[in-house]
Ligand code: NAD
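Residue numbers (my numbering): 21 to 268.
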């Protein structure tokens with residue numbers, strides 16, 4: 021059988037890169053989606069991976085735009101093939117206390133982190149249901165589950181992501197397509213490097229594991245959820261947070 025094709029949005033980012041590697045190691049043909057303005061970065065990323073023995077496709081698309089997401093998906097289908105796995109990983113933060121938050125910061129986070137789930141998933145879900153197999157994994161956040169000071173925008177978008185997961189999971193379950201959420205805690209990437217060092221130290225002090233997670237620890241779970249044997253897992257949220265927030 022030809023290798024299944026996986027699209028990872030935010031694929032050249034911290035967690036996205038690790039997901040690309042994990043899926044490639046599991047035999048998927050992986051396309052790393054990247055933000056159009058980061059073409060040079062994406063090409064450099066692709067070259068670096070190739071020198072380390074891994075061949076990846078890359079595809080440009082602004083996931084906050086429906087039209088751009090459509091173009092990206094169409095381009096992947098014609099150049100690489102039908103998309104069997106979608107990992108919605110692209111995301112941003114624009115932290116501000118609610119009192120100081122401007123409409124622009126609200127909108128940027130909602131469109132990039134939540135509208136994107138509609139924009140990209142809409143392009144691939146029909147193909148998955150028609151072929152009778154698919155895996156969709158949405159990367160949410162612990163801060164969508166418990167809220168976070170200074171993140172009304174991000175917490176709203178990330179909580180919304182799991183609502184999206186649960187609703188879509190029901191619509192596509194009979195067609196062999198699973199939809200799940202992963203909610204990472206604090207993971208050492210550029211996104212968390214942007215947090216002031218003293219604040220980061222305070223955060224780590226609250227984590228039972230007393231450290232940040234690694235992108236690979238999130239990617240491992242994505243790999244499991246995309247496995248053929250994970251076909252009965254759907255509409256679920258998985259925490260990868262070192263014990264920072266526990267729920268069931
Ligand atoms: P990152 O900044 O390293 O990667 C995010 C990627 O998304 C970047 O490559 C960026 O260019 C891309 N992106 C941003 N806007 C885009 C757009 N409009 N279109 C296409 N691509 C776009 O961040 P990360 O830490 O790897 O985060 C990945 C995901 O994990 C995000 O959804 C984030 O919210 C989530 N997350 C991260 C953490 C953490 O601690 N790092 C914790 C919980 C959840």
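Yeah, the Cβ is synthetic: ideal placement off N, Cα and C, and Gly gets one too.
All figures in this text were calculated on a predicted structure; none of them were measured in a lab.
TODO: Identify every run of the beta strand (DSSP E) within the stretch 103-180, keeping only runs that are complete inside it and at least 3 residues long; order them along the chain.
DONE: 105-108, 154-159
Open item on the list: Could you pull the DSSP bridge partners for residue 14 from this structure?
Closed with: Summary: the structure shown does not reach residue 14, with the chain confined to residues 21 through 268, and so no result is reported for it.
Open item on the list: Rounded to the nearest angstrom, what separates residue 193 and residue 125 at their Cα positions?
Closed with: Taking the chain shown and counting its residues from 1, one reaches residue 193 at position 173. Taking the chain shown and counting its residues from 1, one reaches residue 125 at position 105. The alpha-carbon atoms of residue 193 and residue 125 are separated by roughly 35 Å.
TODO: Could you spell out where the alpha helix (DSSP H) holding residue 83 opens and where it closes?
DONE: The sequence position of residue 83 within the chain shown is 63, counting from 1. Looking at the DSSP string, residue 83 is not in any alpha helix (DSSP H), and its letter there is neither H nor E.
Open item on the list: I want to know whether the stretch 220-231 touches the stretch 151-164 - three or more CB-CB distances under 8 Å.
Closed with: no
- [ ] Could you tell me whether the stretch 36-49 touches the stretch 103-123, where touching means 3 or more Cβ pairs closer than 8 Å?
- [x] yes
Task: Sheet register partners of residue 188 (DSSP bridge) - done: Locating residue 188 in the chain shown gives position 168, where the first residue counts as 1. According to DSSP, which records beta bridges pairwise, residue 188 is partnered with nothing at all.
- [ ] Mind checking who residue 198 pairs with in its DSSP beta bridge?
- [x] Indexing the chain shown from 1 puts residue 198 at position 178. Looking at the DSSP assignment, residue 198 forms a beta bridge with 155.
Task: C-alpha gap between residue 212 and residue 58, whole angstroms - done: Mapped onto the chain shown, residue 212 falls at position 192. Mapped onto the chain shown, residue 58 falls at position 38. In a straight line, the C-alpha of residue 212 is about 20 Å away from that of residue 58.
- [ ] Confirm the yes/no value for this check: CB of residue 82, any heavy atom of the ligand ZN, distance under 7 Å.
- [x] In the structure on display, the ligand ZN does not appear, and the ligands it does have are the ligand NAD.
Task: Which of helix, strand or coil DSSP assigns to residue 219 - done: In the chain shown, counting from the first residue as 1, residue 219 sits at position 199. Reduced to three states, the DSSP call for residue 219 is helix.
Task: Start-to-end residues for the alpha helix (DSSP H) that takes in residue 237 - done: In the chain shown, counting from the first residue as 1, residue 237 sits at position 217. Run containing residue 237: 235-245, per the alpha helix (DSSP H) assignment.
Open item on the list: Could you tell me the alpha carbon to alpha carbon distance between residue 180 and residue 134, rounded to whole angstroms?
Closed with: Translated into the one-based positions of the chain shown, residue 180 becomes position 160. Translated into the one-based positions of the chain shown, residue 134 becomes position 114. Using only the alpha carbons, I get a separation of about 7 Å.
Task: Limits of the beta strand (DSSP E) - the one that residue 39 falls within - done: Sequence index remark: in the chain shown, residue 39 carries index 19 (1-based). That residue, residue 39, is in no beta strand (DSSP E); its alpha helix (DSSP H) goes 34-45.
Task: Contact between the stretch 235-247 and the stretch 173-188 (3+ Cβ pairs under 8 Å) - done: no
TODO: Report whether the distance from the Cβ of residue 54 to the nearest heavy atom of the ligand NAD is below 7 Å.
DONE: In the chain shown, the residue the question calls residue 54 occupies position 34. Checking the Cβ of residue 54 against the ligand NAD gives yes.
TODO: Run the proximity test for residue 141: is its beta-carbon closer than 7 Å to any non-hydrogen atom belonging to the ligand NAD?
DONE: Along the chain shown, read from residue 1 onward, the residue named residue 141 stands at position 121. Result no, Cβ not under 7 Å from the ligand NAD.
Open item on the list: Do residue 82 and residue 56 count as a contact pair if the criterion is CB distance below 8 Å?
Closed with: For the purposes of this step, residue 56 is taken as the residue at position 36 of the chain shown. For the purposes of this step, residue 82 is taken as the residue at position 62 of the chain shown. It is a contact, given that the beta carbons lie within the stated cut-off.
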